[in-house]
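Using the UniProt record's numbering, count along the sequence shown one by one with no gaps and you end on 372. Structure record follows, encoded as structure tokens.
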Amino acid sequence: GREKGYDRPMLKRKNTRAIKVGTVGVGGDNPVRVQSMTNVDTRDVAAASAQVAELARAGCEIVRLAVPDEQAAASLAAIREASPVPLIADIHFDHRLALMALEAGIDGLRINPGNIGGEAKVDTVVRAAAERAAPIRIGVNSGSVEKDLLARYGGPTPQAMVESALGHVGMLERRGFYDIKISLKSSSVLHTIEAYRLLSDRVDYPLHIGVTEAGTLLPGAVKSAVGLGVLLFQGIGDTLRVSLTHDPVAEIGVAYEILRSLGLRQRGPEVISCPTCGRTEIGLIALAEEVQKRLRDVPEVFKVAVMGCVVNGPGEAREADIGIAGGRGSGIVFRKGEVVRKIRGEENLLPEFMKELDLFLAELRAR
Ligand code: SF4
């Protein structure tokens with residue numbers, strides 16, 4: 006059977022203020038939300054819409070888009086219209102782009118009010134955001150800390166980042182605006198952890214967590230898992246983004262693996278596979294990779310095992326709902342540790358196992 010508590014969150018999360026990004030609740034009792042950002046040109050409506058849809062299919066719940074100019078802002082209405090998930094416009098410095106984005110129906114802004122050119126412009130943006138119930142995310146990173154704070158703290162230290170964020174927050178609070186989310190990203194895992202811990206002690210706004218510029222797929226996933234894992238374990242984090250120098254769709258899979266390993270969220274099948282050893286007689290690594298890839302957009306929660314040998318495979322993977330174990334040029338399919346089928350010929354392992362998986366999924370969906 007399932008591990009005890011497998012379906013329930015076991016970590017105690019900090020109780021933050023609940024806000025709404027479009028239809029998606031963030032903070033409070035809401036689950037930790039998975040976010041990402043498109044990396045195509047926002048001015049290209051078709052490309053941006055396609056990527057938003059692809060991210061949503063993979064389980065991304067909120068998508069952010071860079072809005073560098075008026076043409077990008079002008080594309081937002083059409084992208085928003087087609088999007089199955091709430092969208093956030095990422096804006097630097099130019100408050101007119103923020104107004105255009107709100108006009109286009111964007112669900113939230115990422116903008117730092119201290120950087121948009123004065124109190125009057127902040128007034129306008131905050132009023133427009135409030136009218137449309139669009140929250141504002143303040144995003145401080147080590148590069149955006151103000152000069153006076155850098156001088157006072159001797160660099161973009163975690164304390165300096167927190168002070169910087171609180172400065173922006175104050176500008177919104179003074180206007181009676183509290184639909185706020187905050188992020189403090191550093192490319193240093195330790196700085197990121199320290200900064201969020203300090204901030205979490207000072208505010209009860211929901212926090213968007215991430216390690217920025219984390220790198221390519223493997224190092225980026227590891228840095229994110231360590232940094233975000235430590236924070237989530239301490240109950241900190243209401244939305245998260247795994248930043249990778251890679252196709253953003255991969256970020257979603259990594260994000261859910263992090264959340265799953267902490268018992269916070271479950272989405273999609275968990276593919277467990279053995280590390281292979283001298284007993285392995287099939288091309289297991291390629292098989293496991295391919296099974297994982299083909300299940301990418303499946304939202305149902307179950308366990309799949311891909312094991313190298315019949316000796317230990319089904320036994321070691323007894324808790325798997327469905328699995329395959331390789332033999333010499335052959336394989337067996339098992340469900341909950343019971344062998345249900347033999348497959349002959351190594352070339353048949355993948356197609357035949359995929360058929361078994363389709364069957365399993367059809368049964369699961371009919372339940
Ligand atoms: Fe080796 Fe079999 Fe264990 Fe895989 S399941 S690591 S092949 S003993």
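Built from N, CA and C at the ideal position, the CB exists for glycine as well. Just so you know, these numbers come straight off a predicted model, no measurement behind them.
If you reduce the DSSP assignment to three classes, tell me which class residue i lands in.
{"i": "Met15", "result": "coil"}
{"i": "Ala109", "result": "coil"}
{"i": "Gly10", "result": "Because the pLDDT of Gly10 is 43, which lies under 50, any placement of that residue in the model is unreliable, and the number read from its coordinates should be weighed accordingly. Of the three classes helix, strand and coil, the one that applies to Gly10 here is coil, per DSSP."}
{"i": "Gly336", "result": "strand"}
{"i": "Ala82", "result": "helix"}
{"i": "Asn20", "result": "coil"}
{"i": "Arg301", "result": "coil"}
{"i": "Lys341", "result": "coil"}
{"i": "Ser41", "result": "strand"}
{"i": "His213", "result": "strand"}
{"i": "Gly328", "result": "strand"}
{"i": "Ser188", "result": "strand"}
{"i": "Asn35", "result": "coil"}
{"i": "Glu66", "result": "coil"}
{"i": "Ile241", "result": "coil"}
{"i": "Gly172", "result": "helix"}
{"i": "Val316", "result": "coil"}
{"i": "Asn146", "result": "strand"}
{"i": "Ser278", "result": "strand"}
{"i": "residue 374", "result": "One cannot answer for residue 374 here, as it falls past the ends of the chain, which runs 6 to 372."}
{"i": "Leu249", "result": "coil"}
{"i": "Arg370", "result": "helix"}
{"i": "Arg48", "result": "coil"}
{"i": "Arg101", "result": "helix"}
{"i": "residue 2", "result": "Absent from the model: residue 2. The displayed extent of the chain is 6 to 372, so no value can be given."}
{"i": "Ile141", "result": "strand"}
{"i": "Gly288", "result": "coil"}
{"i": "Ala94", "result": "strand"}
Kindly give me the distance between the Cβ atoms of residue i and residue j, rounded to whole angstroms, as I take these residues to be in contact under 8 Å.
{"i": "Gly331", "j": "Leu264", "result": "With 8 Å as the limit, Gly331 and Leu264 do not qualify as a contact, their Cβ atoms being about 30 Å apart."}
{"i": "Ile337", "j": "Leu362", "result": "Not a contact, Cβ separation roughly 15 Å."}
{"i": "Leu236", "j": "Arg207", "result": "About 15 Å; that fails the 8 Å criterion."}
{"i": "Gly32", "j": "Asp243", "result": "4 Å"}
{"i": "Gly234", "j": "Leu267", "result": "7 Å"}
{"i": "Ala291", "j": "Val309", "result": "Actually they are not in contact, since the Cβ atoms of Ala291 and Val309 sit about 16 Å apart, beyond 8 Å."}
Quick one: what's got a C-beta closer than 6 Å to residue i's C-beta in the same chain, skipping five residues either side?
{"i": "Glu256", "result": "Ser41, Val247, Leu249"}
{"i": "Ser88", "result": "Val57"}
{"i": "Ala230", "result": "Ile263"}
{"i": "Val130", "result": "His100, Ala103"}
{"i": "Thr197", "result": "Ser191, Val216, Gly232"}
{"i": "Asn146", "result": "Lys190, Thr217"}
{"i": "Ile93", "result": "Arg69, Gly113, Arg115"}
{"i": "Ala77", "result": "Thr47, Arg48"}
{"i": "Arg349", "result": "Ser335"}
{"i": "Arg137", "result": "Leu107"}
Taking 7 Å as the limit between beta carbons, can you name the residues of its chain near residue i, skipping five residues before and five after?
{"i": "Ile19", "result": "Residue identity check: residue 19 is Lys in the sequence provided, not Ile. Result list for Lys19: Ser205, Gly240, Ile241, in chain order."}
{"i": "Cys65", "result": "Val39, Gln40, Ser41, Val90, Ile257"}
{"i": "Leu177", "result": "Pro118, Val131, Ile141, Ile185"}
{"i": "Ile254", "result": "It is worth fixing the name first, because residue 254 is Val in this sequence and not Ile. Excluding sequence neighbours, Val254 sits near Glu59, Leu60, Ala63."}
{"i": "Ala82", "result": "Ala109, Gly110"}
{"i": "Thr43", "result": "Ala53, Gln56, Val57, Val68, Leu70, Pro253"}
{"i": "Ala200", "result": "Pro163, Met166, Val167, Leu189, Ser191"}
Can you name, in chain order, every residue of its own chain whose Cβ lies under 8 Å from the Cβ of residue i, other than the five neighbours on each side?
{"i": "Thr221", "result": "Leu249, Thr250, His251"}
{"i": "Glu151", "result": "Gly119, Ser169, Gly172"}
{"i": "Pro304", "result": "Gly64, Arg272, Gly273"}
{"i": "Thr21", "result": "Gly32, Gly33, Asp209, Tyr210, Pro211, Leu212, Asp243"}
{"i": "Ala23", "result": "Gly30, Val31, Gly32, Gly33, Asp34, Asn35, Pro211"}
{"i": "Leu369", "result": "Glu305, Phe307"}
{"i": "Ser80", "result": "Thr47, Arg48, Asp49, Val50, Ala53"}
Return yes when the C-beta of residue i is under 7 Å from any heavy atom of the ligand MG, and no when it is not.
{"i": "Glu294", "result": "Annotation note on the ligand MG: not contained in the displayed structure, which lists the ligand SF4 as its ligands."}
Contact between the region 236-247 and the region 275-292 (3+ Cβ pairs under 8 Å): no
Touching or not, the region 179-191 and the region 157-170, by the rule of three or more beta carbon pairs under 8 Å? yes
Three or more beta-carbon pairs under 8 Å between the region 351-367 and the region 314-321, yes or no? no
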